[in-house]
Structure formats: C-alpha cells, structure tokens
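Mature numbering (1 follows the signal peptide of the UniProt record, and there is no 0) puts the sequence shown at residues -27 to -1, 1 to 345. All C-beta atoms in this analysis are idealised placements derived from N, C-alpha and C, irrespective of residue type, glycine included. Quick notes on the structure that follows.
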Amino acid sequence: MKIRSVWFSTAGVAALLVGAVALPAHAAQRVANSVKGQSTVHGSSESVQPFQHIYVIMMENEGAQQILGNVNMPYVNELAQRDGYESNYFGVTHDSLANYVALLSGSNWGTNSDDPSQTFDHTNLVDQLEAHHLTWKGYMESIPYAGYTGYWDNNATSLSTPTGALYANKHDPFVLMTDILDNQKRLQNVVPLTQLQQDLQNNRVPNFAFISPNLINDMHGTPPYKETDAELAKDGDQTIQRLVQEITSSKSWKTSKSVIYITWDEAEYPPYGTVPDKATMDIFTAPGPDAPILPKGVTVDNGYTWTGGPYGGGQVPMIIVDNAAVGPFKVNTWADHYSLLRTIEQNWNLGYLGNASDSEQVKTIAIPGEPK
C-alpha cells in the first residue's frame, strides 16, 4: 500500500552540555580521515563495515511529544541531542503485543490485541540470524528465569495485566513465536536482564541483543507501583541511562562496531474512560509505512468507532547511539518498526521478512556514513 509521508513537529529539546569522551576506533578513524582531508563516503555499503553488535531497547506507550523536552527525562533528551535522532518514526499499530511481533517477524499477523495466549507460527528474525550463524539474546527485566514461558512473572493466568506484575510476555516477542516457544535450546537465550551486565563484563554479548525493561522501568506502569507520568518518566530515564552507560563502558563497545536503537512501541494512549475525539485519535494512530488497514466501523481503543484506513501506532521517539559516528546527526526518513527490522536485516544481509521486504515504502534508517 502507498501512504504519503507524514510528519509531526514536536517540542524542542533543550541543549545540554556533553563532556569529552574517548572515541571508539571506528569513530577515531573518521576523525583522522577528516584531518587528513579525506572525505568520508556517506551511505556507501562498499565503504563501511557492518555493525557487529546491534542493541534494541524497547520502551512503552509514550509518543515523541511526551518525551522530547520532558524535564523528567534529562538523559534521554541529552542522547537525542548528542547522538542520533530519527524524527519521523512511528509505531506499527496498537496494542503493544502487535508491535513487538511486527518488529521480530515483519507483520502483526492481523492482531491488535494484547491477549498473552496468542502465539505466531511464522519465520522471524531469530531464524534469519541462526541461519547466518549469528548470535542473539532477549534480555527481559523481571522474567523469573531463562526460558520462562508464563504470561506474567507471578504465574498468573489472567489475560489482562494482574496487580503487581512486572514481566509481561506481550513485551517479549521471542516467547510469542512458536518455533522459539517450542524449542528449549532457543528459550535459554531469553534471559533475565541481569545477564546483560555479566555478558558485557565478559565480552560475550550476542550479535543481536533485544532489551525489554519491566512494566515500571519501560514507562508502562502497573498497579500498585508508581503511576504518575512524572514518576514513570523518571524511572524510564534512569533505566535508559543505566543501560546505555553499561553498554558503552564495556570492552565490547570499545572494541567492536556497535549501535543502540532506543524506541517506544506505540504512542501514548488517550485518557481511559472517555471516547476520544478524532483529532486525538489522528495523533494516536498516525501511520508509518505499511501500517495495517482496519475497515470502517470497527470498535478500537476506548470505544472509538474507526473511520477506516491505516491504523498506525503514532509517532514515537527513535534515538540512535552509534559508536562509529562523530557528532550528532538527525534522520527524517518516514519509518516504523518494520524499518528497524529491515535495517537489522540489511546490516547482516539476512534477506527481508514480511513488510520489511517492501522496498517502495519501508526504508532502512540511514545513519550518515553507514549503509543505506
């Protein structure tokens, strides 16, 4: 399907002072080339090596308008200014689970539900990585143990979030895929987040690392824990700071070409209890490329009667920390989680899954100086 590019302006980000840091070898070489008068070729896959390690940190339920300029998120806003920011990035659709599945497999497979009993029997990124002898792990905060397959960390069987839950399988796309769920060896790669620090310290991080903080630290919120927007924003900011600093201070980061993508699954939900107006829903459902089409008359979130057309996930932040980049950069490619999947697949020449194969609409997130 063809959809015209959509762009929403967001609140400006306050400039923050950034201290001097030692450049990784890849970035240092770019600086050396510029000093010698050599121009770096931008966007040429022949001139740039692929990333050895790709980290994805997935946060929850906040749009770009809620994050940029948020006084309770100084570190995240510093990253957006200091490193890379994609200003035209969207969730695929609603609800959360559909976005995680879309990122891992190239489609939401017709679901817009968070029902944790769903599974998906489709080829996915793990299949591609393993076929190319590349390693992967899913780092899940508050998962009870490696390979856990319950809906929630407290073993509840409820189809909706139970009181006190911190881990949710709807934020763990690996256990939603049947060829991972039914494979004990693969399940052992779905591990508690605490394992990340050990893997970084031992220089044993996988090629692809997917990181999902728990229901508080990802800014989702769940009773009886903190619920105010300000408190969740502070938790999210501190969590991202801890994760980014753990990764960027590691030997692996300093010795191998690596990138961190930090994004949110979908835009902020309209207030519960009232049917939102069309203007609110237009922001909440703003589409990225290949957003699923819902027919007119379908009842969606908060009892809103859908008017027909692409049911997108709304504009969300996408922050990029590339250890080979020199200075801040901005990207304004119309993109969504399918674009991120395509970018990961292209990096290792894996081929393309589902909507990530739609080269007309779904473009890679082109970092200046990296392959397009």
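In this structure, Y48 is the residue among V44, N43, Y48 and G36 with its C-alpha nearest to the C-alpha of T212.
Closest by C-alpha distance to D191, out of W237, D152 and L173, is W237. Here D309 is bridged, per DSSP, to F63. One alpha carbon belongs to H144, the other to A182, and they sit about 14 Å apart. Secondary structure remark: continuous beta strand (DSSP E) runs of at least 3 residues inside the stretch 145 to 208, in chain order: 163 to 165 and 181 to 185.
Taking a C-beta distance under 8 Å as the contact criterion, Y277 and V232 do not qualify as a contact pair. For Y311 and G327, the gap between their C-alpha atoms comes out near 9 Å. Residue burial is scored here from C-beta neighbours: H193 has at least 16 other C-beta atoms within 10 angstroms and is therefore classed as buried.
Contact between E219 and L166 is ruled out by a C-beta separation of about 10 Å, above the 8 Å threshold. For T134, the closest alpha carbon among the candidates K230, D255 and D88 is that of D88.
Annotated as proximal: Q39 and E241, with beta-carbon spacing under 8 Å.
In the DSSP assignment, D100 falls within the alpha helix (DSSP H) that extends over L98 to A104.
The three-state secondary structure of G57, taken from DSSP, is strand.
Boundaries for D250: no alpha helix (DSSP H) harbours it, and the DSSP string shows neither H nor E there. Assignment of P290 by DSSP, reduced to helix, strand and coil, places it in the coil class. The residues P135, in chain order, have a CB closer than 6 Å to that of A129 in the same chain once the five nearest residues on each side in sequence are set aside.
P283 has I266 as its beta-bridge partners, per DSSP.
Taking every protein chain shown into account, the CB of H106 has fewer than 16 other CB atoms within 10 angstroms, so this residue is exposed.
H26 and T228 have their C-alpha atoms roughly 11 Å apart. In this structure, G64 lies near E239, with their beta-carbon atoms less than 8 Å apart.
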